[in-house]
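Numbering (our numbering), first residue to last: 27 to 212.
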């Protein structure tokens, strides 16, 4: 029996050693370990939630900063667009004014060319008239010279006629006196 006793006592002894040596210690600490695990999970979850909250706060701050930055950029972009639009409008107006001025200048050039043509025609007419007047003047000068020469020759003729008339008169007087003297002598 002794051998059968060993088969029975040894497992019981091992069971008692296992129970008090391992299971009891493990069982006592099991609840604590479970509580520790739950606390660790809670702490981990709380830490995770805190980190997420901090991350959200950082993300919100970053989003607010980005929103402010976008607002500033939009304001700057709108101001730049307004300036560019104003500059384009000024450029368009300047281009239109330049086009109007060019059209006006072209019209003035056309008008002046017509006036130049008219004036050139008038100048040609005046030059032709001047040439005609000069020719007429030279003709008149020549005519006046001829008329003066004619007048002088006529005056010479008149003077000779007068002298001849005086001589004829004197001869007639002398003849009348001679006839009178001859009649008185007779």
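C-beta: ideal position from N, C-alpha, C; glycine also.
Bear in mind the structure is a predicted one, so any value in this text is a computation, not a measurement.
- Pairing residue 64 with residue 35, the inter-Cα distance amounts to about 40 Å.
- As the crow flies, the alpha-carbon of residue 38 is around 43 Å from that of residue 70.
- In its own chain, leaving out the 5 sequence neighbours on each side, no residue places its CB closer than 8 Å to the CB of residue 86.
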